[in-house]
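Student:
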Amino acid sequence: MGYSIGVDLGGTNIAVGVVDTENAQVIAKDSVKTNAPRAAELIADDIAMLSASVCEKAGLSLKSDVIGIGIASPGVIFNNVVYTAFNLGWRNVPLCDLVSERTGLRAHMGNDANVAAYAEAVAGCGKGCSSLVMLTLGTGVGGGIVIGGKIWEGFRGAAAELGHIIIHKDGRLCSCGKRGCLEAYCSASALIKETKHRMIDNPSSLLWNLTSGDIGRVGGKTAFDAMRMGDDVAREIVEEYIDDLAVGASNLVNVLQPEVLCFGGGISYEGETLTLPIAKKVAEQTYVEKEENRTRILPAKFRNDAGIIGAGILGADV
Ligand SMILES: [Zn+2]
9 MGYSIGVDLG GTNIAVGVVD TENAQVIAKD SVKTNAPRAA ELIADDIAML
59 SASVCEKAGL SLKSDVIGIG IASPGVIFNN VVYTAFNLGW RNVPLCDLVS
109 ERTGLRAHMG NDANVAAYAE AVAGCGKGCS SLVMLTLGTG VGGGIVIGGK
159 IWEGFRGAAA ELGHIIIHKD GRLCSCGKRG CLEAYCSASA LIKETKHRMI
209 DNPSSLLWNL TSGDIGRVGG KTAFDAMRMG DDVAREIVEE YIDDLAVGAS
259 NLVNVLQPEV LCFGGGISYE GETLTLPIAK KVAEQTYVEK EENRTRILPA
309 KFRNDAGIIG AGILGADV
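Taking this note's numbering, the leading residue of the sequence shown gets 9, the next gets one more, and so forth.
Encoded structure:
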């Protein structure tokens, strides 16, 4: 363990940080706009430039103080190659090679949701566990699977698309074009949309007070907050949301029985309000009798800088 460079490559920003892998902390960081679509060589130039500048900020030498570099990227990543990343406009890009050539560092990369799961398994809520499944509840639902201490990418990189397991046959239309996906019910966006629908049907709900009468102010937290204030409509919204998420979680536990199943993204900040009822429902819907053999259901540890930290931890791998 020591220092590594973590790169969070997104459709909007390229964020790079020096990660103290022992404490899983970012000690210096910087970012530039991605300006996608752009040639991978130019992105690799930016990553190399930022790596040098963040090392300087941290008072470290890129050549002698840094173990390696890790990159978290959207898209289908397999064996350190980007097979496809639509929001970057790439196909078959050997980004790790390009970054290694420019930095002299060994580079590893993974799909962003997989990297987040890896960070939780190695240094986060599941620290020390051998298997972990993570669902990130954000604009969509991201998924990551770690088995035997390694990211499970599938045989060609397309595994762990957990947001698109179907939980309601012929259900709501998903952004992927299918119907009934977990993402169409359990993303933060889906929760916000459902909250707004119910508000329109229930003009006396406390949900209106919480948003000062402005439906545009509904967030992923609004229904949870109104439920805590005793609002029945909000309680129904949250209960249905948790029911749906528990169906997805139970399916995953029935297939993999990971040691830990964790939730990331904004909705996971609800902590035990989310995880306790889900753990109860998962216990009812799966086939493990002894408490100690049950999958632990937890909120993720990393919040801000999760992408950089996860990439840094991956980059420190030998
Ligand atoms: Zn879908």
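Quick reminder that beta carbons are idealized off the backbone N, C-alpha and C, glycines included. Only a predicted model underlies this, so the values are computations on that prediction, with no experimental measurement involved.
With DSSP run on the structure shown, which of helix, strand or coil describes THR92?
Tutor: strand
Student: Under 7 Å Cβ to Cβ from ASN100, same chain only, skipping five residues before and after it: list those, please.
Tutor: VAL89 and TYR91
Student: Could you tell me which residues DSSP puts in a beta bridge with ILE13?
Tutor: VAL26 and ILE77
Student: Between ARG304 and ALA291, what straight-line distance do the alpha-carbon atoms span, to the nearest angstrom?
Tutor: 10 Å
Student: Taking any heavy atom of ligand 1 as the mark, which residues have a C-beta closer than 7 Å to it, listed down the chain?
Tutor: GLY171, HIS172, CYS182, SER183, CYS184, LYS186, CYS189, GLU191 and ALA192
Student: So, for ILE159: in the same chain, excluding its five sequence neighbours on each side, which residues have a beta-carbon less than 6 Å away from its beta-carbon?
Tutor: GLY118, ASN122 and TYR126
Student: Should ILE13 go down as buried or exposed, given a rule of 16 or more other Cβ atoms within 10 Å for buried?
Tutor: buried
Student: Could you tell me the distance, in whole angstroms, from the CA atom of LEU190 to the CA atom of ARG236?
Tutor: 25 Å
Student: So GLY25 and ASP222 are in contact, right, with Cβ under 8 Å, and what is the actual spacing, rounded?
Tutor: Contact between GLY25 and ASP222 does not hold, since the beta-carbon distance rounds to 36 Å and is not under 8 Å.
Student: Count the other C-beta atoms from every protein chain shown that fall within 10 angstroms of the C-beta of PRO343, then say buried if there are 16 or more, exposed otherwise.
Tutor: Any question about residue 343 goes unanswered here, given that the chain covers just 9 to 326.
Student: By DSSP's criteria, GLN33 is part of a beta bridge. Which residues make up the other side?
Tutor: ASP28
Student: Taking the alpha-carbon positions, what's the PRO211 to ASN217 distance?
Tutor: 10 Å
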